[in-house]
Structures are given as C-alpha cells and as structure tokens.
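Taking my numbering, the leading residue of the sequence shown gets 330, the next gets one more, and so forth.
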Amino acid sequence: MTTDDALRIQGVAYGAVALVVAFGAAALPALAAMPTTTEILVVAALVLVLGVPHGAFDVLWAKRTLGLSGVKRWLVFGLAYWAAAALVVAVWAFAPILFLAVFLIASAAHFSGDPEGHAALGTRAAAGMAPLVAPTLLHEEAVARLFGLLVGPEAGALVAGGLATLAWPVVLLVVGAVVWETHRDRGRTAFEVGATATLALLAPPLVAFAVYFCLMHSARHVLRTARAAGTTSPATLVAIAAAPMVGTLALGGAAWALLAEAALDARTMQVLFVGLAALTAPHMALVEPVRARGWGFPSRVRATLEEG
Ligand SMILES: CC1=C(/C=C/C(C)=C/C=C/C(C)=C/C=O)C(C)(C)CCC1
Ligand SMILES: [Fe+2]
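In structure tokens, the structure reads:
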C-alpha cells in the first residue's frame with residue numbers, strides 16, 4: 330500500500346467515524362451535556378497520545394527545509410522553537426482575549442491545509458473554520474465554558490459569542506463547499522469537510538475536537554510526513570518522533586506542576602490548549618511554507634500531476 334492509498338483510506342475512515350460519532354451524540358442527547366472533568370481528562374489523554382505527536386515530526390521538516398546538521402545548529406533550532414512557544418504562553422498570561430482570538434484565527438488557517446490535492450479556496454476556508462466555529466451553533470454555552478477555563482468566564486463567553494455569529498455563514502460555506510467539490514469530482518474532499526462540519530455541529534465540542542484533531546489533522550499530517558520521507562514503516566516514524574515527544578511531555582509535566590493551584594478541569598484545559606497554542610506557533614512557522622510548496626514537491630510539478 331502506498332502512502333497515497335493510506336491517505337485516501339484515512340480520509341474515508343475519518344469521515345465514517347465522524348458521522349457515527351455525530352449521529353450517535355445526536356441520538357443520545359444526555360451525552361451532549363456540559364463538559365465534565367472526566368470528559369476533559371479523557372479528551373486530553375487522547376489528544377496527547379494521538380494528536381500532539383504530529384508536531385514531533387517538525388524535526389524532520391526542519392531538517393529538510395533548514396538543512397540542519399550538527400549539534401550546535403540543532404540546539405539553536407530547539408531553543409528558537411521553545412522560545413516561540415514561550416512567547417505564546419506569555420501572551421496568554423498577559424492578554425488572554427488577544428491570545429484566544431489569534432489562536433483561533435491561526436488554527437483555522439492551519440486546519441485549512443487538511444484537504445488533499447487541489448481544493449477551492451472557499452472549501453479550504455470551510456475546512457479550517459468548521460471544527461472551530463460549528464460547535465457554537467448548538468453548543469455555544471459549552472464552548473463558552475471551555476474557553477472560560479482557559480481565559481476566564483467573561484472573555485470565554487465573549488469569544489464564544491463572536492464565533493457563534495459566524496456559525497450560520499460557516500454552515501452555508503460548508504454546504505457550498507460540499508456541492509462545489511462534488512461537482513468538481515473531488516468527492517472525498519466533499520465528504521471529509523461535510524463530515525467534519527456534521528461532527529462539530531452535533532457532537533459535544535471537546536469530543537468533536539478530539540475526533541477531528543486525532544483522526545483527521547494529526548493522522549493526515551503524519552501520513553504526509555511519511556510520504557515525503559518515503560517510508561511506511563511505523564518503527565521509523567516512531568524513532569523520528571520519540572525524542573521531541575519526550576521533550577514535549579517533560580515540559581507539559583512542568584506546566585502541570587506549575588498550575589497546581591488551578592482546579593483539575595481548568596488545569597487540564599490550560600496545559601492542553603495553551604500548550605497546543607504554544608506549539609502551534611513554531612509548528613506553523615515550519616509546516617506552512619512546506620504546505621505552500623505542496624508537501625515536499627515543487628508546487629508546479631505537483632499541480633501538473635494532479636490535473637493529469
Ligand atoms: C479550546 C477549544 C476549542 C479550540 C481548539 C483549538 C483552536 C485547537 C487548535 C489546535 C491546533 C492549531 C493544533 C495544531 O496542530 C474548540 C474546539 C473550538 C472548542 C472546545 C474548546
Ligand atoms: Fe498541525
């Protein structure tokens with residue numbers, strides 16, 4: 330099986346799971362109650378084990394794009410990576426609303442890279458915004474509460490309200506994207522984006538995020554990395570990601586210890602999502618230029634391949 334086959338299977342499997350979770354949650358409304366501490370802990374564990382490792386492959390992209398070699402250069406790279414992350418944590422501490430707003434906008438831009446091959450700009454916008462905006466259509470209060478654990482209840486409600494004003498436009502954009510991509514014979518992209526929006530609309534916000542982030546965003550990135558590295562061996566991939574993952578876990582542990590005074594739910598949310606936001610800054614700085622070049626192929630060559 331080639332990595333391209335694996336990417337196709339991943340897209341379809343993700344869409345199927347997303348729809349099952351979405352309609353399962355809709356059929357069992359008791360599940361859609363306010364997020365409990367248990368839910369937060371389970372989602373945190375899933376995101377940590379299946380989601381966060383995709384960023385550990387940044388070392389591989391750094392090697393490819395920056396041509397890093399030698400202990401000194403790797404040390405400088407590591408320092409710059411963690412300095413960028415620390416800066417984000419400082420913004421969270423001193424300007425929480427700015428932090429959350431920029432994190433959401435940057436995340437939408439980052440998630441818009443998920444669809445494979447060519448996709449219309451509107452489709453990319455829909456793919457990027459659906460996981461973040463759609464949950465506020467039916468679960469605005471739950472999103473506000475979760476944001477509240479990160480930035481305080483008032484700021485949380487404000488930002489969730491801001492997202493909620495975008496909810497219908499984003500739903501319409503998703504519908505347009507599904508119709509357009511189907512019309513252009515890109516049915517898999519249509520299915521993926523439609524499933525993400527359905528999941529984000531119907532399932533409890535954190536559950537929807539975990540399913541999307543682990544089975545779409547992270548899985549897709551790992552498969553793209555495997556394709557660029559020319560390997561399908563899980564052992565090779567684990568070997569690449571192990572050291573950065575251990576470093577990340579150590580810093581996450583330190584953050585956990587520092588936040589000893591916060592209640593368990595706030596503490597977990599903060600370590601997880603402020604940590605994700607912090608890592609997203611250097612992660613995007615490395616990965617977005619690679620995406621603009623077609624994931625390791627010169628974009629013009631790739632475009633010709635895809636048109637043909
Ligand atoms: C906190 C929170 C949300 C936002 C999460 C974001 C914005 C995650 C971004 C992760 C990134 C960009 C990872 C990079 O690879 C939701 C789902 C709206 C609702 C539940 C609470
Ligand atoms: Fe990512």
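Glycine included, every Cβ here is placed at the ideal spot set by N, Cα and C.
- Item | Segment contact flag, the stretch 335-346 with the stretch 512-528, C-beta cutoff 8 Å, min 3 pairs | yes
- Would you mind working out which of M545, V388 and W497 sits nearest H439, comparing C-alpha positions? M545
- Query: In angstroms, rounded to a whole number, what distance separates the CA positions of V400 and R515?
  - Reply: 45 Å
- Message: Any heavy atom of ligand 1 closer than 6 Å to the beta-carbon of S436?
- Response: Indeed, a heavy atom of ligand 1 lies less than 6 Å from the Cβ.
- With a threshold of 16 other CB atoms inside 10 Å of the CB of D387, please say whether the residue is buried or exposed. buried
- Within 6 Å: the Cβ of P534 and any heavy atom of ligand 1? yes
- Where D514 sits in the DSSP three-state scheme: coil
- Query: Sorted by chain position, which residues of the same chain lie with C-beta nearer than 7 Å to G559's C-beta, five sequence neighbours on each side aside?
  - Reply: Closer than 7 Å at Cβ, skipping near neighbours: no residue.
- Message: So, at 6 Å on beta carbons, what are the nonlocal neighbours of G485 in its own chain, with the 5 sequence-adjacent residues on each side left out?
- Response: A473, F476 and G477
- Take H612 and list the residues in its own chain whose beta-carbon comes closer than 7 Å to its own, dropping the five residues that flank it on each side. G384 and D387
- Does DSSP put P611 in a helix, a strand or coil? Assignment of P611 by DSSP, reduced to helix, strand and coil, places it in the helix class.
- Can you round the beta-carbon distance between A354 and V536 to whole angstroms, since I take them to be within the 8 Å contact cut? 7 Å
- Around the Cβ of I369, are there at least 16 other Cβ atoms within 10 angstroms (buried) or fewer (exposed)? buried
- Message: For a test of your reading of the model: does the CB of V341 fall under 6 Å from any non-hydrogen atom of ligand 1? Yes or no.
- Response: no
- Task: Quick one: grab the DSSP three-state call for F386.
- Result: coil
- Message: Determine whether the beta carbon atoms of L375 and A539 lie at a separation below 7 Å.
- Response: yes
- Message: Nearer than 6 Å: is that true of the beta carbon of H439 relative to any heavy atom of ligand 1?
- Response: yes
- Item | Euclidean distance between Cα positions of V480 and V431 | 13 Å
- Counting only runs that start and end within the stretch 533-575, where is the alpha helix (DSSP H) found for 4 or more residues in a row? 534-541 and 548-558
- Between which two residues does the alpha helix (DSSP H) harbouring V420 extend? V400 to F423
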